[in-house]
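This note's numbering puts the first residue of the sequence shown at 26, with every later residue one more than the last.
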Amino acid sequence: MTDQLSTTDAILAEISFDPAGLVPAIAQQHDTGEVLMVAWMNADAVRETLFTGQVCYWSRSRQALWRKGESSGQTQQLVEARIDCDGDTLLLLVDQTGVACHTGRRTCFYRAVRDGKLVTISEPAVDPADLYGG
């Protein structure tokens, strides 16, 4: 346990958190390369993710740790964490269970600019009301 803590502290020391103590994290499906979502992590979220293997973010709206899938069941298992060259962005290679987006889509990047217009390129796979009991 002590070795894991010291290793985690060394990793955290390499991350450049912003003045609010946050770093952006890109979640990418490990086997397909599909970009699923972007969220924020603080040091506690990074620590928990590295320790448990279940991805945890920081919810800026709730000002609390957000364990991906805790209310929807749509979890992310960490396969590998990467830190960019400046240490100010994380890339999380994950195994996504179900959909990643709160809209019920596989990815949050379901809109594209094509021919100068914003178009929807992915419809919901799951009704959000079914995910969140609404």
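We treat Cβ as the ideally placed atom computed from N, Cα and C, and that holds for glycine.
Run of the beta strand (DSSP E) containing residue i, from where it starts to where it stops
i: residue 157; result: Note, residue 157: premise wrong, no beta strand (DSSP E); alpha helix (DSSP H) at 153 to 157.
i: residue 82; result: 81 to 84
i: residue 93; result: Per DSSP, residue 93 belongs to no beta strand (DSSP E) and is neither H nor E.
i: residue 124; result: Per DSSP, residue 124 belongs to no beta strand (DSSP E) and is neither H nor E.
i: residue 24; result: The shown model of the chain, from 26 to 159, leaves out residue 24, and the question about it has no answer.
i: residue 137; result: 136 to 139
i: residue 145; result: 142 to 145
Sequence-distant residues of its chain with Cβ nearer than 7 angstroms to residue i (five each side left out)
i: residue 97; result: 156 and 157
i: residue 150; result: 124, 129, 130 and 131
i: residue 92; result: 79 and 81
Close Cβ partners of residue i (< 8 angstroms) along its chain, the five nearest in sequence each way excluded
i: residue 37; result: 68, 71 and 72
i: residue 39; result: 108 and 112
i: residue 78; result: 102 and 103
Whole-angstrom C-beta distance between residue j and residue i, which should lie under 8 angstroms
i: residue 55; j: residue 118; result: 4 angstroms
Residue i: CB within 7 angstroms of a non-hydrogen atom of the ligand MG
i: residue 132; result: The ligand MG is absent from the structure shown, which contains no ligands of any kind.
Are the stretch 104 to 112 and the stretch 131 to 148 touching by the rule of at least three beta carbon pairs closer than 8 angstroms?
Counting Cβ pairs under 8 angstroms, fewer than three are found: no touch.
Segment contact flag, the stretch 62 to 73 with the stretch 40 to 51, C-beta cutoff 8 angstroms, min 3 pairs
Judged by pairs of C-beta atoms under 8 angstroms, the stretch 62 to 73 touches the stretch 40 to 51, as three or more such pairs exist.
In the stretch 34 to 69, which residue ranges form an unbroken beta strand (DSSP E) of at least 3 residues, counting only runs that do not cross its ends?
Counting only runs of 3 or more, we get 48 to 54 and 60 to 66.
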